[in-house]
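Q: Below is the structure I would like to discuss, written out as structure tokens.
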Amino acid sequence: MKSCSSDQLSPAEIADLTRKIAGGEHELDELIAVLLPMISGARSLQHDLALELAVALADIERISARQDELYALVYEQGAPAIALTETGQILALNSAAAGLWQITAGDGLAALRVPRSDYSRFIQRVRQQGGTSLLLTRGGADHGTRPPVLVSGSYHPGFHAFILSAVQHSWPTAAARSLQEIYALTDSETEILGQLSRGNTLKAIAEQRTRALGTVRQQVKSILFKLGVSSQTEAAALAAAAAATIGTRVASTGSAGDSGSIPLAGSEEPLRLAIITRSRRRIGWRHYGSPTGRPVLMLHGPSFGAGEYAADRRLARRYGLSIYALERPGYGRTDLPDPEEAVLDCICSDATVLLDRIGLSRVTLLAHEAGLIPALELAHRVPERIAGVLAVSAAPPFLALEQIQAIPAHQGVFIQAARHAPWLAHLLIRLLMVHTRRLGPIDWTQIIFRNLSPDTEVMQRPDLAPGKVGTYSFYINQMGAGFEQDLHMMLSDWRERLTSLQTPLHLLHGSRNPTTPVPYLDVFTQLQPRAVLELVPQAGLTLAVSHPQLIYARLAEISRTELS
């Protein structure tokens, strides 16, 4: 292939480069270098190039599912299998698991009907035993009539996740400690069950234990009752299967230097995941912080999730805030808008339905990045319900090409593509998702923040790894559909909503934000003179995770003042 420049590559060669990027043979930056000069001005793409790239898009769709190690790890399991974060969110699952439990990626412990206390004990057992342990799930559409499902799981440090696989057929048993906790077996019952799993007869067990055969039979009946199985043969066979599973460890693909430490059970504030519906659409939402605290509705951006970072949950409780985070369309578990519904209409309707369902008449808004746009729209439509808005790292309305061209190329190319045609933005986002899945849940943020200071340094902090894993799932569950919606919103003219805003607006922005440099922030105060703009020294676009204490302190001040 020729050198990658737009004046040397033919349309067919550019399309071929696109396919090779999807296949991992080239980097996305090579295509950006080719396309950006062609789409950064006012001209349209030449027709033959548009046609070649449109055809290439179909190939990219087929390639994209093969690029994810975590997904491959789950899909390769013969049994129904899932990957769970340390907070209990489903990162990935295979089709057998989706059918067995009636779940999708992004669901949490509630969908599996696993009490958080059980999950904490499971984590503690894995941590102490250093291998595999067992967990009982009760999920599925027919959970009221079907027996629970026992799963075997171990910690995978490369992904900061637990890989759980259903032990097939019904009630297997395994290592003594796990089984005793789950089924409340006595020491004697556990020992007998272990001997059954090794094929010993009741007579042999009675002789070995120097007990009467009738006594052993009574203990076996007790075991069958506790395990919920109907025969000794079934218990023995399944116990052997679990015994073979326990003690095996999922191979780690952790990066060099990864300690592989398992999180302390119960050491973090919980993140609750729930679902509501509106007009048959599924809407995901989360809750964290103090259940009785001052209410806050969070409208997230594309990069930092909604409550996955431990500091957010911890600080929300410390400052007496009750955070309700709405998953916007195309992110997490929330369905895209119906074809006839605009995305801003959809978000505002989802938000008001959520507020109504949980009984909140008035809230403060926390908006990250593009989340400011629906926050302003919501404040316009239901001003009586919005006490104030705290916006973190928000970009102002795009008023000129110069502003878009100031964005780093690997970020700005998506906005430039969306200006030209939705299909072109769709193609680039699909390539972005392929690259993201190839990088995996620990390193995926490199695609956003690479070569940007101070953001690269911030995202390399080890304490942020669990949060990055959670946001990875949140970001890619719908293959970038939410990001596509955001691009349409960002390119719309939302200045009037800013100008007419009557609700107090406080903007927090990093002084070293490379995506929206400080000189471009003047439009905020020009359009809304009452807005407070606070620059955070030395912070970048990653302000949301580099300065969480400042954010929650300001949020507490705003909510305390405006809700009082």
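Under this note's numbering, think of the first position of the sequence shown as 1, with each following residue one higher.
Cβ atoms here follow ideal geometry from the backbone N, Cα and C, with glycine treated the same way.
On a predicted model such as this, the values are computed, not experimentally measured, just so you know.
1) Less than 8 Å between the beta carbons of Arg-286 and Ala-306, yes or no?
2) Taking the beta strand (DSSP E) that His-509 falls in, what are its first and last residues?
3) With burial defined as no fewer than 16 other Cβ atoms inside 10 Å of the residue's Cβ, what is the status of Leu-51: buried or exposed?
4) Among Gly-332, Ser-492, Ser-231 and Leu-344, which has the Cα closest to the Cα of Ala-400?
5) Applying the 10 Å Cβ sphere with the 16-neighbour rule, what's the burial state of Val-225?
6) DSSP puts Arg-272 in a beta bridge; with which residues?
7) Could you name the residues that DSSP lists as bridge partners for Tyr-319?
8) So, with DSSP's three-state summary, where would you put Leu-543?
9) Can you check which of these residues, Ala-417, Gly-301 and Leu-431, is closest to Ala-425 by C-alpha distance?
10) Under the rule that 16 or more other beta-carbon atoms within 10 Å means buried, what is Trp-444, buried or exposed?
11) Name the DSSP bridge partner or partners of Gly-388?
12) Going by other Cβ atoms of all chains shown within 10 Å of its Cβ, with 16 needed for buried, is Pro-302 buried or exposed?
13) Looking at C-alpha atoms only, which residue of Gly-106, Met-298 and Ala-166 is the closest neighbour of Leu-273?
14) Can Ala-544 and Phe-159 be called in contact, C-beta distance under 8 Å?
15) What residue from Pro-270, Leu-193, Ala-204 and Val-536 has the CA that sits closest to Gln-232's CA?
16) Here's the rule: buried if 16 or more other CB atoms are within 10 angstroms of the residue's CB, otherwise exposed. What is Ala-571?
17) Thinking C-alpha only, which one of Pro-537, Ser-10 and Ile-275 is nearest Leu-35?
18) Exposed or buried, Asp-522, counting other C-beta atoms within 10 Å across all chains shown (16 or more means buried)?
19) Grab me the residues of Ser-546's own chain with a C-beta within less than 6 Å of its C-beta, minus the 5 sequence neighbours each way, in chain order.
20) In terms of residues, what are the limits of the beta strand (DSSP E) holding Pro-295?
21) In whole angstroms, what is the alpha-carbon distance linking Asp-48 and Gln-8?
22) Can you tell me whether DSSP reads Phe-304 as helix, strand or coil?
23) Evaluate Thr-515 with the Cβ neighbour count: other Cβ atoms within 10 Å of its Cβ, from every protein chain shown; 16 or more gives buried, anything less gives exposed.
24) According to DSSP, is Ser-40 part of a helix, a strand, or is it coil?
25) What is the DSSP secondary structure of Ile-103, reduced to helix, strand or coil?
26) Within 7 Å: the Cβ of Gln-195 and any heavy atom of the ligand COA?
27) Using 10 angstroms around the beta-carbon of Ala-256, count the other beta-carbons present and answer buried if the total reaches 16, otherwise exposed.
28) In this structure, how does DSSP classify Phe-159 when only helix, strand and coil are distinguished?
29) Rounded C-beta distance between His-410 and His-300? I'm assuming under 8 Å.
30) Excluding the 5 residues preceding and the 5 following Arg-554 in the sequence, name in chain order all residues of the same chain whose CB lies nearer than 7 Å to its CB.
31) In terms of residues, what are the limits of the beta strand (DSSP E) holding Glu-534?
32) For Thr-173, count neighbouring Cβ atoms within 10 angstroms of its own Cβ and tell me buried if that reaches 16, exposed if not.
33) Taking 8 Å as the threshold, find out whether the region 521-537 comes into contact with the region 493-500 through three or more Cβ pairs.
34) Quick check: the region 84-92 against the region 109-124, are there 3 or more CB pairs under 8 Å?
35) One question on the structure: do Ile-558 and Gly-480 come within less than 8 Å of each other, judged by their Cβ atoms?
36) Could you have a look at Tyr-552 and say whether DSSP puts it in helix, strand or coil?
A: On the basis of the supplied data:
1) yes
2) 505-510
3) exposed
4) Ser-492
5) Reading off the sequence shown, one finds Phe at residue 225, where the question assumed Val. Phe-225 comes out exposed.
6) His-287
7) None, per the DSSP bridge assignment.
8) helix
9) Ala-417
10) buried
11) As DSSP reads the structure, Gly-388 sits in a beta bridge with Thr-364.
12) buried
13) Gly-106
14) Taking the C-beta atoms as reference points, Phe-159 is found no nearer than 8 Å to Ala-544.
15) Leu-193
16) Within the shown structure, residues of the chain are numbered from 1 to 564, placing residue 571 beyond reach of any answer.
17) A check of alpha carbon separations from Leu-35 across Pro-537, Ser-10 and Ile-275 identifies Ser-10 as the nearest.
18) exposed
19) So the qualifying residues of the chain are Val-458 and Ala-539.
20) 294-299
21) 15 Å
22) coil
23) buried
24) coil
25) coil
26) For the structure depicted, the ligand COA is absent and the ligand set is empty, with no information on it obtainable.
27) Unreliable positioning characterises Ala-256 in this predicted model, as indicated by a pLDDT of 30, which lies under 50. The coordinate reading is nonetheless provided below. Result: exposed.
28) coil
29) Contact flag wrong, Cβ pair sits at about 21 Å.
30) Within the same chain, Leu-390, His-506 and Leu-508 come within 7 Å of Arg-554 by CB-CB distance, once the 5 residues on both sides are set aside.
31) 532-536
32) Bear in mind that a pLDDT of 39 at Thr-173, under 50, signals an unreliable position, so the model cannot answer this.
33) yes
34) yes
35) no
36) helix
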